[in-house]
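What follows is a short report on a single structure.
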Amino acid sequence: MLAGKYFVIGVTGGIAAYRALDLVSGLVKAGAEVHVIMTAGAQQFVKPLAFEAISGHRVHFDTFETPPGWRYPHLELARRADMALIVPATANILAKLACGLADDLLTTAVLAMVCPVLICPAMNVYMYRNRAVQDNLSRLRRIGFKVVEPAVGRQACGDEGPGRLADVAVILEQIRMMFEPKKDLLPSTVLVTAGGTREPIDPVRYISNRSSGKMGYALAETAANRGAEVYLVSAPTRLAVPAGVHIINVETARQMYRAVMELYPRVDVVIKAAAVADYRPRVAAEQKIKKNDDDLVLELEKNPDILMELGKQKKHQLLVGFAAETEDLIKHAQAKINKKNLDMLVANDVTRPGAGFGSDTNVVNILYPDGTVEPLPLMDKLTLSEVIWDKVQQLKAGKKIDAAD
Ligand code: CTP
228 MLAGKYFVIG VTGGIAAYRA LDLVSGLVKA GAEVHVIMTA GAQQFVKPLA
278 FEAISGHRVH FDTFETPPGW RYPHLELARR ADMALIVPAT ANILAKLACG
328 LADDLLTTAV LAMVCPVLIC PAMNVYMYRN RAVQDNLSRL RRIGFKVVEP
378 AVGRQACGDE GPGRLADVAV ILEQIRMMFE PKKDLLPSTV LVTAGGTREP
428 IDPVRYISNR SSGKMGYALA ETAANRGAEV YLVSAPTRLA VPAGVHIINV
478 ETARQMYRAV MELYPRVDVV IKAAAVADYR PRVAAEQKIK KNDDDLVLEL
528 EKNPDILMEL GKQKKHQLLV GFAAETEDLI KHAQAKINKK NLDMLVANDV
578 TRPGAGFGSD TNVVNILYPD GTVEPLPLMD KLTLSEVIWD KVQQLKAGKK
628 IDAAD
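So the sequence shown is numbered by the numbering used here: it starts at 228 and just counts up by one.
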């Protein structure tokens, strides 16, 4: 699949620079043509000769040094590349790319690229968690870069946490997935719910929650890419509907209940990522409520628990729930699996940094009815959605998931 593909690998100045050698080697072994751009910082860690020996090509450093037959190195590299990677990506390169700077060969070439660019950050955990770095990563994702989350563990400096360069095997798998998305969900029909429901108080006000819908939309997008027929029942969000997905827009929990129940008999899998309001105002005022008294009491009544009802009526379907918790994550999540008759539950502590509402990333535990708990590292919501569909596929095949997978 990678044979004959043209890769541009940007190596920036971090201790993980030497691990880019393994990546180049893996790509070359797979038959790819690999051209390396090293920044000045990268050359402090690894000699260019090492990359030249493994890639079989001169390393590029300089915007103004033109190889024979090339007019503009940055444009030649950008035009030829089928894919570019930044491995490792330092905090500095993330900031430069997020701002669109072009002050060396790597940044200038990346600006000119129309191919996918995969960024593999690696840095100290505190630098990685820094708000500015996380904001830059969010912006990079939003403008179309793909990010391979760093691994968690002991770092060269002795600190522990996320920030180690992802395993080269994981990066290679991501590359393969981008060239040839799996079609392993064909011919399933799946239903995903997303967003936070709105429960009207009057014509201008409602009760809702902080859900952005990003997780549900990511699940719908990956399922469609992997060949499933996808129904997305969505409460209001600001997100674009993924290509090839049937969208059913709803606003309230009761509308979501009706839409989901109607689709239920014809779907194989339901993933309920929506944040459904548990209560609604007993009466939605017909006219805007005026501010007269000092206090206003709203009487609330319970909404249907959609997932619980799906659990009761379950026949051939596989049911996956989400649980957003702020305390006693595993205990509360385990209780939901049993109460709602679920096959799998994705639980996240929404108070953790990098997890939950509005974030592009998530940190979750996957729970099963037999009590198994599988913690997953911090990852972006698209990658997490791939992992969730992998787990669903394993469950459908009757295989129990190994926590070490
Ligand atoms: N859910 C649902 N209908 C509801 C409430 C929740 O279908 N009325 C689904 C959610 O989509 C999610 C799962 O149930 O997949 C768990 O939702 P969560 O809000 O975490 O839990 P609740 O069951 O509402 O319990 P609590 O609010 O007490 O934690």
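Idealized CB from N, CA, C, for every residue including glycine. For clarity, every value in this text was computed on a predicted model and none was experimentally measured.
- Nearest to Ile-242 by C-alpha distance, out of Gly-258, Ala-383, Val-496 and Gly-296, is Ala-383.
- Around the C-beta of Gly-237, 16 or more other C-beta atoms lie within 10 Å, and the residue is accordingly described as buried.
- A contact is defined here as three or more CB-CB pairs under 8 angstroms, and the segment 415-432 fails this definition with respect to the segment 360-372.
- In the structure shown, Ala-339 falls within a coil segment according to DSSP collapsed to helix, strand and coil.
- If the five residues before and after Arg-285 are omitted, its C-beta is found closer than 8 angstroms to the C-beta atoms of Glu-279 and Pro-294, all from its own chain and listed in chain order.
- If you look at Gly-268, you'll find it in the alpha helix (DSSP H) that goes 267-272.
- As computed with DSSP, Arg-507 is found in a beta bridge with Glu-528.
- In the displayed model, Ala-396 falls within a helix according to three-state DSSP.
- Taking a cut-off of 8 angstroms on C-beta distances, the segment 423-443 touches the segment 502-513, as three or more cross pairs fall below it.
- Contact between the segment 409-420 and the segment 486-498 is present: 3 or more CB-CB pairs across the two stretches fall below 8 angstroms.
- Excluding sequence positions up to five before and after Pro-604, its CB lies within less than 6 angstroms of the CB of Val-379, all in the same chain and listed in chain order.
- Rounded to the nearest whole angstrom, the C-alpha separation of Leu-622 and Leu-412 is 13 angstroms.
- Sequence-distant Cβ neighbours of Leu-609 in its own chain, meaning closer than 6 angstroms and more than five residues away, are Ala-445.
- Excluding residues up to 5 positions away in sequence, Tyr-233 lie with their Cβ nearer than 6 angstroms to the Cβ of Glu-260 in the same chain.
- Bridge partners of Thr-420 according to DSSP: Val-460 and Lys-499.
- A check of alpha carbon separations from Lys-558 across Ile-533, Leu-545, Asn-319 and Thr-599 identifies Thr-599 as the nearest.
- In terms of side-chain proximity, the C-beta atom of Gly-231 is found no nearer than 6 angstroms to any non-hydrogen atom of ligand 1.
- In the three-state reduction of the DSSP assignment, Met-488 falls in the helix class.
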